[in-house]
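Protein chains in written order, with my numbering: chain A, 1 to 307; chain B, 1001 to 1402.
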């Protein structure tokens, strides 16, 4: 039996669990995560793209030694892709073989064909299965991409942690999985679903926390460069942009710049690599050379003042 | 705190009530959850206590700020709570009492009604002309410009609007459903139905795409030049909101206001009153470009997903159309599935896209339609489903100017 860690017993323990997984979170996140784990409620994380919502589930699975089951939502997601599907090809062969053997008992045939052998388990059903490593972490990613019908279906699954397969019966989880739901808020998720979850808004981190995220995730980055990067991105988020850069973009940029052996930011380098941070042409066009220089000067002045 | 669980429970119940008054929907279930969460967390510090309650009571990002205020006030000094509550949230406490509405809302209501009252004396002549040419009152009503209607006629028009049925303008989704003429074999149903016959005959069943109505996003200009129309358009949007699932409505004059929630009230008058309560720039100037910019930045990603149709209702009379207007229109056009511009100015026979604002905006819209009388509204309802005659296309109007 694989050894899995028990869920943390206090908010501080949750915080250290996160940092053990190289996730730099704040206390509010640790609190809501701790409550979700202890109360056995799904955790609903909402926030802009690239602030580390999905990462929380990954870190949780890794540090707790649980299996991570991920259900990526998309438009048109249905039960056969999310819960289960029958292996029709194998079933048809079984029927034909049964006929060839002269087996004409319909009841028997039906029973054989609709058995677990021919069942293809999709993420939601997998998450309800007993696991020697402990209840798995079920990540339902970007729920806002799918439609209301699927949300309504989830209500049932999340309330009782069970699904019904008409041909076989009801599958109920002995130990409910740890459920993490994320949403980018491209539409409002229905209150009925949110009511069953603990809600947390994952915002952009402040400069201090972002700095420690960069230094944790991009080891070997120069101290001065990382400070400049973080403060520049923080300043960029204050601008009127169509899409402000997330933490993921900061990390990409930090990695790119340290790969390029840059020691300090200068306007030319920033302009050349701006495509890593900003993903809309309008936003890139808005930040021309003079604007970048202006921002950089501000950042430098700020850093000098802090010293 | 934990040594007296009875007091704590009582406090949480009061706090939940305070949150409810502040406008956060908190049910009794959440109170139970909160008590359990506090028991589980065994809270020590104030910060932990705050975030524990936050995780249970707050279900929307917007509510965080309300929660924060309520928490600060409540847990500082309970005794002053009731007084503070009244001071803190005058705008969200909606008690059904008999106090007169706040002056702001009243002024807005007055502003809305005044323009209709003013209109009354001068439009008498038009009624006669129309009456001579047509046969029934209903037809008169249908062709009459909203701006020229009397109060009584407006009341009738409202009823007619309430009865407008939006057709099922459906778009294909990627979801499949059983269909006789579908394009994919539904193996599940096929297998089940062949089992009926013992597996001897394989009776193929098919799946076809499922359709649904796309979301509608309406952006309604409420500036002075549109004031004669806004009230009826709001009625129209209320009727639309009433029978479709996903309709978002925004009002803009000099600033953008989201009135989607206000329009969800069943009674149209109630819904409109709720609307006017939240709007500050009624019948003022127009700043189309900044309003569109605000929409693009704050809302477009949240409401324009899943193939939304945008109804932009404005006369396009921007005072100084700079580069920004074209830029924001372009952004809006590229974010939605279809951008339909409803312009009451089209009521004039010889309308040509000459005003500079209109010229700037036209290249970015898919359709330009009139919306000044009931017939035009009916046409719109029809147009939402069909592709329409070429006349509505923006290109037609552009060519006309050229």
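All residues carry an ideal CB built from backbone N, CA and C; glycine is no exception. Fair warning: this is a prediction, and the values are worked out from it, not measured in the lab.
For residue 1009(B), which three-state DSSP category applies?
-> helix
Short Cβ contact (8 Å threshold) for residue 1225(B) with residue 1362(B) | no
Helix, strand or coil: which one does DSSP assign to residue 91(A)?
-> helix
Which ranges does the beta strand (DSSP E) cover as unbroken runs of at least 3 residues, wholly within the segment 1243-1293 of chain B, from first to last along the chain?
-> 1247-1252 and 1256-1258
Assess, as a yes-or-no matter, whether the segment 213-221 of chain A is touched by the segment 1069-1076 of chain B under the definition of 3 or more beta carbon pairs within less than 8 Å.
-> no
Would you please state the rounded distance, in angstroms, between the beta carbons of residue 1311(B) and residue 1358(B)? I believe it to be under 8 Å.
-> With a Cβ gap of about 17 Å, residue 1311(B) and residue 1358(B) do not count as contacting.
Can you tell me the Cβ-Cβ gap for residue 61(A) and residue 53(A), rounded? I've got them flagged as a contact below 8 Å.
-> Their Cβ separation, rounded to whole angstroms, is 14 Å, which puts residue 61(A) and residue 53(A) out of contact at 8 Å.
Unbroken stretches of the alpha helix (DSSP H), 4 residues or longer, contained in the segment 34-89 of chain A = 53-64 and 79-82
Buried or exposed: where does residue 1181(B) fall if 16 or more other Cβ atoms within 10 Å of its Cβ makes it buried?
-> exposed
Since residue 170(A) is in the beta strand (DSSP E), which residue starts that stretch and which ends it?
-> 169-172
From 237(A), 246(A) and 250(A), pick the residue whose C-alpha is nearest to that of residue 287(A); which is it?
-> 237(A)
At 9 Å on the CB atoms, spell out the chain B contacts of residue 143(A), in chain order.
-> Residues of chain B passing the Cβ test: none, with the nearest at roughly 12 Å.
Nearest to residue 1208(B) by alpha carbon, out of 1217(B), 1228(B), 1194(B) and 1186(B)?
-> 1186(B)
Select from 89(A), 114(A) and 197(A) the residue whose C-alpha is nearest the C-alpha of residue 180(A).
-> 197(A)
So, helix, strand or coil for residue 162(A), using DSSP?
-> strand
Through-space distance from residue 58(A) to residue 1042(B), alpha-carbon basis = 27 Å
Taking just the CA atoms, how far does residue 1334(B) sit from residue 1366(B)?
-> 11 Å
Kindly identify the DSSP beta-bridge partner or partners of residue 200(A).
-> 45(A)
Which residue's Cα is closest to the Cα of residue 75(A): 24(A), 136(A) and 145(A)?
-> 145(A)
Identity of the residues DSSP links to residue 1218(B) by a beta bridge | 1249(B) and 1311(B)
Residue 1208(B) - containing beta strand (DSSP E), residue span = 1206-1212
Report the three-state DSSP secondary structure of residue 17(A) (helix, strand or coil).
-> helix
At a Cβ threshold of 8 Å, is residue 39(A) touching chain B?
-> yes
Taking buried to mean at least 16 other C-beta atoms within 10 Å of its own C-beta, is residue 1045(B) buried or exposed?
-> exposed
The alpha helix (DSSP H) spanning residue 1051(B) covers which residue range?
-> 1046-1057
Of all Cβ atoms in chain B, is any one closer than 8 Å to the Cβ of residue 239(A)?
-> no
Quick one: Cα of residue 1294(B) to Cα of residue 1256(B), how far?
-> 7 Å
State the Cα-Cα distance for the pair residue 202(A) and residue 1054(B), rounded to the nearest angstrom.
-> 13 Å
Helix or strand or just coil, what does DSSP make of residue 141(A)?
-> strand
Can you tell me the Cα-Cα spacing of residue 84(A) and residue 245(A), whole angstroms?
-> 38 Å
Option nearest residue 186(A) by Cα separation, candidates 135(A), 276(A), 147(A) and 16(A) | 147(A)
Out of curiosity, what's the CA-to-CA distance linking residue 106(A) and residue 120(A)?
-> 23 Å
Using three-state DSSP, classify residue 1134(B) as helix, strand or coil.
-> Confidence in residue 1134(B) is poor, its pLDDT being 39 and thus under 50, which makes the residue's placement unreliable; the coordinate value appears in the next sentence. Coil.
Range covered by the beta strand (DSSP E) that runs through residue 189(A) | Where residue 189(A) is concerned, there is no enclosing beta strand (DSSP E), given that its DSSP letter is neither H nor E.
6 Å CB neighbourhood of residue 45(A) in its chain, flanking five on each side removed | 53, 182, 200 and 202
Find the nearest neighbour of residue 88(A) within the set 101(A), 77(A), 114(A) and 65(A), judged by alpha-carbon distance.
-> 114(A)
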